[in-house]
């Protein structure tokens, strides 16, 4: 879907368009044509349309001009929602490509907040609930600047279709599971979950986990031996 001249629509027209976008199903791609002018009125229109679009769980590709932090925050909030399955995001600079809009987008994409959206390392739960769908930031978003390697690495890992696999690999990479206080009954489940990894990370985590809790293995071994003699 291509949307053009939204900056020239009246308030009623924008609300009607937003309502129509919300009612449509199976929207996968939306491209906003560059506006002829980008004033406060145009930015308010874009705020309304963005709010309608980010509610679409089917949206895969979005190309949009951004002119203020509110619009970037709307996109960031959507990326935090597990139901929002966007794979490609292009931010085009408004205000005639001014340094202000370029600086906002660059700060957003290369800053710590965007990295945390893709992989929040504060806890295992936070990592699991991070964004595992976004895979590409086209050149107009990057503005020909070299992004942190970590961001490219995370975007590449998100290309795996099974998002449970993506979440597991991020957890194995960024958390020491031997520091988790597993109870005896949950250890086999944890070992099985870690063992599903096809990477060396899984083997390393299993080894460290067993080394960190030998008493759990030993107690189980002694219990089985007693049962054999009884």
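Numbering (this note's numbering), first residue to last: 6 to 235.
Beta carbons: idealized from backbone N, C-alpha and C, even for Gly.
These numbers were taken from a predicted model, which means no experiment stands behind them.
Subject >> Coarse secondary structure for residue 94, derived from DSSP in three states >> reply: strand
Original post:
For the candidate residues 58, 50, 51, whose alpha-carbon lies nearest to that of residue 26?
Top reply: 58
Subject >> Residue environment, residue 154, which counts as buried when at least 16 other CB atoms sit within 10 Å >> reply: exposed
Original post:
Based on the DSSP secondary-structure assignment, which residues constitute the bridge partners of residue 7?
Top reply: 36
Original post:
Is residue 131 buried or exposed, if buried means 16 or more other CB atoms sit within 10 Å of its CB?
Top reply: exposed
**OP:** Just mark residue 78 as buried or exposed, buried being the case when its beta carbon has 16 or more other beta carbons within 10 Å.
**Re:** exposed
Subject >> Three-state secondary structure (DSSP) of residue 70 >> reply: strand
**OP:** Could you give the DSSP three-state label for residue 216: helix, strand or coil?
**Re:** helix
Subject >> Contact the stretch 72-91 vs the stretch 124-141: 3+ CB pairs below 8 Å >> reply: yes
Subject >> Given residue 160 as reference, the closest of 183, 123, 187, 168 once Cα atoms are compared >> reply: 123
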